[in-house]
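> Residues -11 to 233 in our numbering are what the sequence shown lists, from first letter to last.
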Amino acid sequence: MPVLRDINVTVDTGEFCTVVGASGCGKSTFLRMLLSEEQPSSGVILIDGKPIAPEPGPDRGVVYQRYSVFPHLSVLDNVMLGPSFSRAPFMARLFGAAARALREEAMHYLDAVGLADARDQYPAALSGGMQQRLAIAQTLIMQPKLLLLDEPFGALDPGTRKDMHDLLRTLWRDSGMTVFMVTHDLQEGFSLGTRVLVFDKPPMSASGASRGATITYDLQLKRRPSADAIWGPAHFKEIQENAQG
């Protein structure tokens, strides 16, 4: 039984693509395929014209809704861990000038996400928003070509979520990375993205078999509309109804 079908999309470097749709329509499966956690049964996924590696790699960073930080490491050590494994794969430890350079690099990213003053704290002492900032810093220090976000702000309160939106916009503009973000919140999808991919399942066939979800709308947003503009036109109302099932 196919989960996705007829997916054919080309994304330019630096685009911010939000992925929306009803529950169970393959949004997270699409993200897992970009990460190489799952493989397509047919077709190919390309980055810079080359097939992606068959396993996750540092060229694709991911941030989940559940905070993916190491509770036994300090904030600073959490951010330094990925590059330590990359640059010293046998011991995951750097010494001397290399260690000092990595510490400065990690502090740069902690400062970018507003956690420089919390560098010596442990995740248990951080709020949910701060832990998600830490997870983003962990990802950014690896300088991935693709940043994959799977409902990263779904568990945050509205005020913290707005702050994280502002932070994410700034980091995306400064880094020039390509972003794919799965969200159930249509307003979040339209306010953050430069492009919105709406996934939906077609009606079942006469035999009752599922035909798999596909991209039903591919919307280029030349500029981010206000919340009032999002819900006004009739065609956006139609998109809302389709995406919510």
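Just so you know, even glycine gets a beta-carbon here, dropped at the ideal spot from N, CA and C.
With contact counted as at least three CB pairs below 8 angstroms, one residue from each stretch, are the stretch 112 to 120 and the stretch 65 to 76 in contact?
The answer is no - the stretch 65 to 76 does not touch the stretch 112 to 120, with fewer than three Cβ pairs under 8 angstroms.
> Whole angstroms are fine: how far does the CA of E93 sit from the CA of C5?
For this step, residue 5 is matched to residue 17 along the sequence shown. For this step, residue 93 is matched to residue 105 along the sequence shown. Each residue's Cα considered, the two are about 28 angstroms apart.
> Quick one: measure Cβ to Cβ for T171 and V8, integer angstroms, because I've assumed they're closer than 8 angstroms.
Numbered from its first residue, the sequence shown carries residue 171 at position 183. Numbered from its first residue, the sequence shown carries residue 8 at position 20. About 6 angstroms; that satisfies the 8 angstroms criterion.
> Could you tell me the distance, in whole angstroms, from the CA atom of T(-2) to the CA atom of M95?
Position 10 of the sequence shown, counted from the start, is the residue given in the question as residue -2. Position 107 of the sequence shown, counted from the start, is the residue given in the question as residue 95. Distance between the alpha carbons of T(-2) and M95: 35 angstroms.
> Runs of 4 residues minimum, wholly inside the stretch 101 to 131: which ones carry the alpha helix (DSSP H) assignment?
Within the stretch 101 to 131, the complete alpha helix (DSSP H) runs of at least 4 residues are 116 to 128.
> Report the residue ranges of all beta strand (DSSP E) runs contained in full by the stretch -1 to 78; include only those spanning at least 3 residues, in chain order.
Within the stretch -1 to 78, the complete beta strand (DSSP E) runs of at least 3 residues are 4 to 9, 48 to 52.
> In three-state terms, what does DSSP make of R212?
Position 224 of the sequence shown, counted from the first residue, corresponds to residue 212. Residue confidence for R212 is low, a pLDDT of 49 falling below 50, so the modelled location carries little weight; the figure read from the coordinates is stated next. Coil, per DSSP.
> For R48, does the count of other Cβ atoms within 10 angstroms reach 16, so buried, or fall short, so exposed?
For this step, residue 48 is matched to residue 60 along the sequence shown. Buried is the call here.
> Give me the Cα-Cα distance between Y52 and L137, rounded to the nearest whole angstrom.
The residue you call residue 52 lines up with position 64 of the sequence shown. The residue you call residue 137 lines up with position 149 of the sequence shown. Distance between the alpha carbons of Y52 and L137: 6 angstroms.
> Please state the DSSP three-state secondary structure of A80.
Translated into the one-based positions of the sequence shown, residue 80 becomes position 92. A80 falls in the coil class under three-state DSSP.
> Using DSSP's beta-bridge definition, name the partner residues of T166.
Counted from its first residue, the sequence shown places residue 166 at position 178. According to DSSP, which records beta bridges pairwise, T166 is partnered with L134.
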